Structures are given as C-alpha cells and as structure tokens.
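**Q** Residue numbers (our numbering), protein chains in the order written: chain Y, 38 to 253; chain V, 379 to 739.
From the three backbone atoms N, C-alpha and C, an ideal C-beta is built for every residue, glycine too.
Since the structure is predicted, the reported quantities are computational estimates derived from the model, not experimental observations.
Right under this line is the structure:
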C-alpha cells in the first residue's frame, strides 16, 4: 500500500460515535465517544474535528470506510447514508466494513468475537486460523463450541469470558480506527456501495384482516 | 444557466424514495420517484423498518439519476434541500444524513425542509399562485386546511383528528378485497356502484369548525361488510361496488362541506386572487375533485390542482421550498435535526397524536 493513501473511517453501529483519519500508513487522528443517541448530529462534527486535528483536507481523501454492523439499525444507517453522500460528492469509493473484521484486526490467535444483540444475547463469530464462521446468535446459559485456546473479545466480552472460562482480550483498535485501516487495504477492489449488515428481517407482521370472499 | 439558481431536492419521509433538480424559474429539470408499494404490499400499510431499509440503499441512486436526467453535476447545483420531517424517522434520517454527506463533500449549503411545506408551496411551483391561498392537503398521512400566507407562514384552520383519508381509502380497499393503493381501486369499483346503497355516517359534519374524522367511517364500512358476509358467506361484486361508492361519497361530502367552511374563513381575509389549492393523493380522486371544483366555482374561488405526480410525494416540491426559503433569506431548519413531528402552525397544534411528544403535524 502506498503511503499517500488517506482514508476517513467512522462508525455509529452501537452506543458510540467514532471517527478516525488514516494517512501515511497509520491513524493520524481519531475520536471516540460513548453515546446512546444523537449520533446523527455528532458524527459530522466529530469528522470535521478529526480532519482538522490532522490538518487534513476532506477533498484529498482516497476512500471512506464505514461500519456496517451488526448492531443498531438506525445507527448503522446514519453512518452508511452519510458515507454514501460523502463518497458521491467526493467521487471516491465508500467501503463497508463489518464490525467483526474490525474487532479481529491485528489479532492472530483463535477467537470468539462477540457483539451485543437484542435481549441480552450476543452475535458470535468464531475465527480459527483462516476459518471464519457464520454469525450466530448466542444467549448465556447455552452451549457454544469454540477451538481450545481461543480468546474472546468484543462488546461485553467479560460475560463470555466468565461463562466459557476463556481469556478475554481487548480489541487492538477502536472501531473507526480499525475500519479506516481495513478500508485502506480494500478500497481499490471494492465495487459495491456499503449496506447495512442486517441479521434480522424487518419487524413486520402481515395484515391481520383477511380479504373477504368474493361471490361471483 | 449559471445565473439561475438550481437546487437538488431529496425526499424520503414515507414510502417514496425521491430526488429532483429544480430551477429558481420553476423548471423541473428532473423528478425521480421510486415508490416502494411492492415492498409493503403484504403488510397492509407502510412498515417503517422496511421503508428505512429501502431508503438507505436506494436514495443515492435516485440522486444520481436526478442529476443525470437533468444533465447537471453537483458543481452546477447551488444548494441542497432535504426533507427533515415530519415523517417516518428512519427514512428522514437516511435522507438527512445523505444530504449532509453530499453537502460536506461538495461545500454546498444545505436546507432542512418541512415535508408539509413542500406540499403547501407546490401551487407556486406549478401555477405561480400568489399568497395568501387556501390549501387542502389530503393524502395517506395528512389531512388539513392551511391558509398559506408566505413561504414560512401558515395558519392551520383544521384537520383530521384521527385517520387521514388516504389511509381510510387503503384500509377500506383491503376490507373490500380490492388492490392497493386503495384510492384508484375504490374509484374504479365505485363507478358501477350505488352511492346511496349504504348510509354511512359523515362524522363531525354538523359540528362547527374544520376538523374531520375518518376512523368511524372506516368502522362503519367494516360493520356493513361483516353483516353481508354473515348473511351470504362473502360479498358479491355488486356489494363491493356499492360499499365503495357509498364510502367514496361520504368522504367527498365531508371534504366538500369542510372546504366550504374553510373557504368562508379564508375569504374573510379578502385575498386578492382567491384560490383553493389541493395536494396529496386523495386530491386525484375524480369525485372529490369534481365536488371541490363545483364548490369553488359557486364561491368564485379559483381551483388549483397540480398534476398528480406533484400532488403525491416527490422531491421537486422539496427543492422548490429550498428556492422559496433562499429568496426570503431563510436558512431552513437550524440546526438540521431529523424530526418525526413538526407541525406547520405551532400556534394551533393538531389534535392528531398530541401526546407528550407534541403534535405530529
């Protein structure tokens, strides 16, 4: 990767707002705030602050990296919609990065990755060497098969660590920093625009009023 | 081209994903509307999460198509106008964030626009109508009378206290086994029906003021239908047509009578060019339109009905509001924060959804 690649990464897929500016092979400036709501207002400001702290011009970006979840649907769409608008105006690619890839960045051990899912459950992905499992939903108290010697990391990973009796590690990078780094590697090969990683179908029930029988 | 301002409009507050390019001299260079009817058809109404998912992945394509059909690029645009409410928050959020991204990347000014103002100012885009005029906004989500005094001055005379008529058309269509959207299918079924076959109520008709109610009417149609079903085990095509015609007639009577009162109140202001303008999908109904036309001609008031694609949700009207606001030096919603509720006339909040979060529209 050439040193003049510069990438803006951001993520609002959980109860946080994060942005990072990657340039010259490393993250130059970054910000992270815990946040339950208000990301739609804070994200553009935070990005401006991160760019200013690095004395960087948004017009010089090579690409944008954005977190696609899994996580909070509204939060994911806030970042993705902003990324797609910014990418269109700047004429550069926007790269969707899933949060498991962000969590796993810089780790070389076998891992149980976890992200918060609704009702005290977790989204789980297991990585053993080069093998990446499908994402499953797991609730504490149930069985979970994982490679021996695996570590766990992610949101509320202490719960997993206790339950499974395995070692817990912090993620090496904050989500936005990991996303910017990953996007810097992927943007040249990215064709699709970022879209949310939904693990549940939309909450919708078919109409409860049946149509009447038509007598002919 | 350079001297005349051009605005890009973006609309995503319900189930239409829309983008448009409009000039300050009232030319619509493009107006893209991708509707989601198919996505929602199985659920008997617009499902907010399904709408939000579609907007998030389709809106930028709509913008690209609008720019390309208008044969302009972002460099030719002077400002971006986006619907910031009221509406389904997931869709509004996607539209506002996309617009913020576009504005940040292009350096263009961004104007947050009220969706209802879009409908209310459409007669100025289509017919260059002078203020003040009376507006009947009658759609799937809204029903209200407004006196439009200026681009940011609205006086709300009254509106529905429960369902919007468009919603009632959709629900009644479903009850009668007719296809969605309900407006056109009820209109077609009603053509062969007897509008006096069923004596449906005209809620609030004899009550003073310009408030309306459509929920009870819908329930009355359901009761009549169920009575037929329990007698015959189903409804005949004739029952279907008669129910549709009687329902449509009740809606028309309500809208026409309440319009008569609204016009009386409006005429007290002695407008120079008295006019009643309509917007919203229900304004496309032939019977409603004929009733209003007849009423206005009797009262010597001009009747303005914009073409259907500009009556229903679209982004050209949002771009147009951008022009109107810029002309009076109004920055739009500041700060720009997506709002599910945003009444036009804060002095007279709607009776609709006025819970602890305030009036909806």
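Between the stretch 113-130 of chain Y and the stretch 230-247 of chain Y, can you find at least three pairs of beta-carbon atoms closer than 8 Å?
**A** Yes, since at least three Cβ pairs between the stretch 230-247 of chain Y and the stretch 113-130 of chain Y fall closer than 8 Å, the two stretches touch.
**Q** Quick one: does residue 421 (chain V) have its CB under 8 Å from some CB of chain Y?
**A** One-based indexing of the second chain puts residue 421 (chain V) at position 43. Yes, residue 421 (chain V) lies at the interface with chain Y (some Cβ there is under 8 Å from its Cβ).
**Q** Going along chain Y, which residues have a C-beta under 9 Å from residue 478 (chain V)?
**A** Counting from one through the second chain, the residue named residue 478 (chain V) turns up at place 100. Chain Y residues near residue 478 (chain V): 77, 80, 81, 118, 119, 122, 123.
**Q** In chain order, what residues of the same chain have a beta carbon less than 7 Å from the beta carbon of residue 734 (chain V), not counting five sequence neighbours either side?
**A** Locating residue 734 (chain V) in the second chain gives position 356, where the first residue counts as 1. Note on residue 734 (chain V): pLDDT 49, under 50, position unreliable in the model; the coordinate value appears next. Around residue 734 (chain V): no qualifying Cβ.
**Q** Residue 41 (chain Y) to residue 486 (chain V), Cα distance in whole Å?
**A** Taking the first residue of the first chain as position 1, residue 41 (chain Y) is located at position 4. Taking the first residue of the second chain as position 1, residue 486 (chain V) is located at position 108. So the two alpha carbons sit approximately 27 Å from each other.
**Q** Please confirm if residue 114 (chain Y) has its CB atom under 8 Å from at least one CB of chain C.
**A** Absent here is chain C; the protein component of the structure consists of chains Y and V.
**Q** Would you mind listing the beta strand (DSSP E) stretches within the stretch 664-721 of chain V that are 3+ residues and don't spill past its ends, in chain order?
**A** Taking only runs of at least 3 residues, the beta strand (DSSP E) segments lying wholly in the stretch 664-721 of chain V are 680-682.
**Q** Please state whether DSSP places residue 473 (chain V) in a helix, a strand or coil.
**A** Along the second chain, one-based indexing puts residue 473 (chain V) at 95. Of the three classes helix, strand and coil, the one that applies to residue 473 (chain V) here is helix, per DSSP.
**Q** With a cut-off of 8 Å, does the C-beta of residue 474 (chain V) fall near any C-beta of chain Y?
**A** To locate residue 474 (chain V), count along the second chain from 1; it is residue 96. Output row for residue 474 (chain V): interface = yes.
**Q** Quick check: the Cα distance between residue 682 (chain V) and residue 654 (chain V), rounded to an integer number of angstroms?
**A** As a working note, residue 682 (chain V) is residue 304 in the second chain. As a working note, residue 654 (chain V) is residue 276 in the second chain. About 6 Å.
**Q** Using a beta-carbon distance below 8 Å, is residue 734 (chain V) in contact with chain Y?
**A** By one-based count along the second chain, residue 734 (chain V) stands at place 356. Legend: pLDDT at residue 734 (chain V) = 49, less than 50; position of this residue unreliable, value from coordinates given subsequently. By this cut-off, residue 734 (chain V) is not an interface position.
**Q** If I follow the unbroken beta strand (DSSP E) through residue 385 (chain V), where does it start and stop?
**A** Working through the second chain from its first residue, we reach residue 385 (chain V) at position 7. Residues 384-389.
**Q** To be precise: take each residue of the stretch 503-534 of chain V, compare its Cβ to all Cβ atoms of chain Y, and keep it if any distance is under 8 Å. Which residues remain?
**A** Taking 8 Å as the Cβ-Cβ cut-off against chain Y, none of the residues of the stretch 503-534 of chain V qualify.
**Q** Please name the residue in V:406, V:513, V:498, V:454 whose C-alpha comes closest to that of residue 680 (chain V).
**A** What you label residue 680 (chain V) is simply residue 302 of the second chain in a count that begins at 1. Considering only alpha carbons, the answer is V:513.
**Q** For the stretch 243-250 of chain Y against the stretch 135-147 of chain Y, are there 3 or more C-beta pairs whose distance is under 8 Å?
**A** Segments in contact, no.
**Q** Counting only C-beta atoms, is residue 212 (chain Y) closer than 8 Å to chain V at any point?
**A** Counting from 1 along the first chain, the entry for residue 212 (chain Y) is found at position 175. Answer no: the Cβ-Cβ gap between residue 212 (chain Y) and chain V never drops below 8 Å.
**Q** Mind listing the chain V neighbours of residue 99 (chain Y)? Cutoff is C-beta to C-beta under 8 Å, in chain order.
**A** As a position in the first chain, residue 99 (chain Y) is number 62, starting the count at 1. None at all; the shortest Cβ gap to chain V is about 14 Å.
**Q** Counting only beta-carbon separations shorter than 8 Å, does residue 207 (chain Y) have a partner in chain V?
**A** Along the first chain, read from residue 1 onward, the residue named residue 207 (chain Y) stands at position 170. Judged by the 8 Å Cβ criterion, residue 207 (chain Y) is not in contact with chain V.
**Q** Kindly say whether residue 442 (chain V), judged by its beta-carbon, lies nearer than 8 Å to any beta-carbon of chain Y.
**A** Translated into the one-based positions of the second chain, residue 442 (chain V) becomes position 64. Yes, because at least one Cβ of chain Y sits closer than 8 Å to the Cβ of residue 442 (chain V).
**Q** Going by beta-carbon coordinates alone, are residue 360 (chain V) and residue 526 (chain V) separated by less than 8 Å?
**A** This structure cannot speak to residue 360 (chain V), because chain V is shown only from 379 to 739.
**Q** Could you name the residues of chain Y that residue 427 (chain V) contacts, counting a contact when the two beta carbons are closer than 8 Å?
**A** Within the second chain, residue 427 (chain V) is the residue found at index 49, counting from 1. Result: 110, 239, 240, 241.
**Q** Check whether the Cβ of residue 127 (chain Y) lies closer than 8 Å to any Cβ atom in chain V.
**A** Along the first chain, one-based indexing puts residue 127 (chain Y) at 90. Yes, its Cβ sits closer than 8 Å to a Cβ of chain V.
**Q** Taking the beta strand (DSSP E) that residue 443 (chain V) belongs to, which residues open and close that run?
**A** Reading the second chain from its first residue, position 65 is the one you call residue 443 (chain V). First-last for residue 443 (chain V): 426-447, but that is the alpha helix (DSSP H), not the beta strand (DSSP E).
**Q** Any idea what DSSP makes of residue 379 (chain V), helix, strand or coil?
**A** Translated into the one-based positions of the second chain, residue 379 (chain V) becomes position 1. Because residue 379 (chain V) carries a pLDDT of 48, less than 50, the predicted location of this residue cannot be relied on, and no value is offered for it.
**Q** Should residue 379 (chain V) be labelled buried (16 or more other beta-carbon atoms within 10 Å of its own) or exposed?
**A** Counting from 1 along the second chain, the entry for residue 379 (chain V) is found at position 1. At residue 379 (chain V) the pLDDT is 48, less than 50, meaning the model places this residue with poor confidence; the figure from the coordinates comes in the next sentence. Exposed is the call here.
**Q** Taking contact to mean at least 3 C-beta pairs separated by less than 8 Å, is the stretch 397-410 of chain V in contact with the stretch 438-451 of chain V?
**A** Flag = yes, the stretch 397-410 of chain V and the stretch 438-451 of chain V touch.
**Q** Could you tell me the distance, in whole angstroms, from the CA atom of residue 394 (chain V) to the CA atom of residue 692 (chain V)?
**A** For this step, residue 394 (chain V) is matched to residue 16 along the second chain. For this step, residue 692 (chain V) is matched to residue 314 along the second chain. If you take the alpha carbons of residue 394 (chain V) and residue 692 (chain V), they lie about 7 Å apart.
**Q** Just how far apart, CA to CA, sit residue 430 (chain V) and residue 436 (chain V)?
**A** As a working note, residue 430 (chain V) is residue 52 in the second chain. As a working note, residue 436 (chain V) is residue 58 in the second chain. Using only the alpha carbons, I get a separation of about 10 Å.
**Q** Taking CB distances under 8 Å as the criterion, tell me whether residue 252 (chain Y) reaches chain V.
**A** As a working mapping, residue 252 (chain Y) is identified with position 215 in the first chain. Answer yes: the Cβ-Cβ gap between residue 252 (chain Y) and chain V drops below 8 Å somewhere.
**Q** Mind reading off the beta-carbon distance from residue 422 (chain V) to residue 603 (chain V)? Whole number of angstroms is fine, and I expect it under 8 Å.
**A** Locating residue 422 (chain V) in the second chain gives position 44, counting from the first residue. Locating residue 603 (chain V) in the second chain gives position 225, counting from the first residue. Wrong, their Cβ atoms sit about 16 Å apart, outside the cutoff.
**Q** Figure out for me which residue from V:652, V:562, V:477, V:650 has the closest Cα to the Cα of residue 544 (chain V).
**A** Position 166 of the second chain, counted from the first residue, corresponds to residue 544 (chain V). Checked all of V:652, V:562, V:477, V:650; the closest Cα to residue 544 (chain V) is V:562.
**Q** Residue 206 (chain Y) by DSSP, collapsed to three states: which one?
**A** Numbered from its first residue, the first chain carries residue 206 (chain Y) at position 169. Residue 206 (chain Y): coil per DSSP, three-state reduction.
**Q** Suppose contacts are defined by Cβ-Cβ distances below 8 Å. Is residue 150 (chain Y) in contact with residue 209 (chain Y) by that definition?
**A** Sequence index remark: in the first chain, residue 150 (chain Y) carries index 113 (1-based). Sequence index remark: in the first chain, residue 209 (chain Y) carries index 172 (1-based). The answer is no: Cβ separation not under 8 Å.
**Q** Does residue 384 (chain V) have its Cβ less than 8 Å from a Cβ in chain Y?
**A** Reading the second chain from its first residue, position 6 is the one you call residue 384 (chain V). For residue 384 (chain V), the answer is no, since every Cβ of chain Y falls outside 8 Å of its Cβ.
**Q** To which residues of the same chain is residue 596 (chain V) closer than 7 Å at the C-beta, ignoring the five residues directly before and after it?
**A** As a working note, residue 596 (chain V) is residue 218 in the second chain. Within the same chain, residue 596 (chain V) has close Cβ partners 541, 546, 549, 550.
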